[in-house]
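Just so it is clear: in the sequence shown, position 88 is 119 by my numbering, and no numbers are missing.
For every residue, glycine included, the Cβ atom is placed at its ideal position computed from N, Cα and C.
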Amino acid sequence: MKFIRIAPHPNLTQLIECYWMMQSDDPTPRIEKIIPDGFTELIFNYGSVYKAKTDKEWHVQSPNLLAGQISSYFYLENTGPTGSFAIKLKPAALTQLFNLNMQQYLDKIVDLDTFPNQQLSTLKDKVLPFENEDQLKLVLDNYFIELNKNVPENPLKDTLDLIFNSNGMISVAEMTAVARFGERQLERLFKKHIGLSPKYYARIIRFNYIFQLIKLKNSSWAEIVYQSGYYDQSHFIRNFKAFTGEDPSSYFFEEKNMANFFLNK
């Protein structure tokens with residue numbers, strides 16, 4: 032599988048984390064685990080569609096998708112050769128751009144072709160087909176720059192900046208102090224703009240930080256536990272298993288798969 036990460040236009044960094052592409056001519060079915068990373072996505076499959084297993088059953092996905100926040104891992108399996116690209120959006124961007132209530136899309140991947148928002152349901156017509164990566168980036172940049180002209184301010188910007196700058200090691204009290212409004216309003220705004228509570232969202236970002244520490248390859252497990260803000264090793268392991276279904280000592284951090292591509296920024 033070939034993975035490509037593409038930086039958006041500098042004017043879009045408050046809305047878009049990156050564009051990404053993946054491609055493989057191999058039709059052999061391969062199961063991939065998807066792990067929470069704190070971002071939402073608009074995904075377009077111009078190759079074969081995928082199957083998803085979010086509970087006990089496998090379901091064939093639509094080619095064009097909106098993926099909300101996920102609170103735990105799930106599985107994907109290709110049905111043939113892969114050709115996909117996506118817009119990985121900043122946490123509150125779908126609410127800012129399209130006024131979506133993200134709590135409705137928590138742990139959901141929905142069909143964009145029948146989505147009750149014309150701007151989103153017709154986005155594929157603006158980007159498919161595309162000639163090459165540069166042309167695709169140009170079309171996406173122009174589309175979101177135009178949308179960005181009328182985008183409202185993100186009421187959670189300062190709080191989200193604090194969460195990311197602290198790598199999720201932050202209390203709700205510290206969040207409310209930065210947000211300058213009460214815990215109840217913070218909770219309400221997080222549910223609408225993010226889909227998750229502020230405490231749980233910070234927990235995801237702290238979990239993501241583990242991958243950055245391991246990528247540096249200069250810390251022991253004991254040091255990683257301490258640096259990522261866990262009380263002890265058992266607490267660290269419980270949290271890691273909750274998000275991945277695996278013990279950290281048996282997880283393949285170097286394997287070239289979807290989860291590691293997204294988490295190893």
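| Check | Outcome |
| --- | --- |
| Enclosing alpha helix (DSSP H) for residue 289 [first to last residue] | 289 to 294 |
| Residue 255, DSSP secondary structure in three states | helix |
| Buried or exposed (CB count within 10 angstroms, at least 16 for buried), residue 185 | buried |
| Continuous alpha helix (DSSP H) stretch holding residue 205: start and end | 203 to 210 |
| Ordered list of beta strand (DSSP E) runs contained in the segment 103 to 180, each at least 3 residues | 105 to 109, 113 to 120, 140 to 142 |
| Contacting residues, own chain, Cβ-Cβ under 8 Å from residue 49 (five flanking each side not counted) | 36, 37, 38, 39, 119 |
| Presumed contact (8 Å Cβ cut-off) between residue 81 and residue 107, rounded CB distance | 5 Å |
| Closest Cα partner of residue 129 within the set 249, 278, 182, 262 | 182 |
| Test item: CB-CB of residue 73 and residue 143 under 8 Å | yes |
| Nearest-angstrom Cα separation, counted from residue 255 out to residue 196 | 17 Å |
| Identified DSSP bridge partners for residue 274 | Per DSSP, none; premise fails for residue 274. |
| Residue span of the beta strand (DSSP E) that contains residue 82, given as start and end | 81 to 84 |
| Any non-hydrogen atom of the ligand GTP closer than 7 Å to residue 114 Cβ | With respect to small molecules bound, the structure shown includes none, and the ligand GTP cannot be examined in it. |
| Identity of the residue in 208, 173, 62 nearest residue 110 by Cα | 62 |
| Span separating the alpha-carbon of residue 66 from that of residue 122 | 16 Å |
| Between the CA atoms of residue 233 and residue 227 - distance to the nearest angstrom | 10 Å |
| For residue 239, the three-state DSSP class (helix, strand or coil) | helix |
| For residue 55: DSSP bridge partner residues | 113 |
| Whole-angstrom distance between residue 69 and residue 211, CA atom to CA atom | 23 Å |
| Inter-residue Cα distance where the pair is residue 97 and residue 175 | 16 Å |
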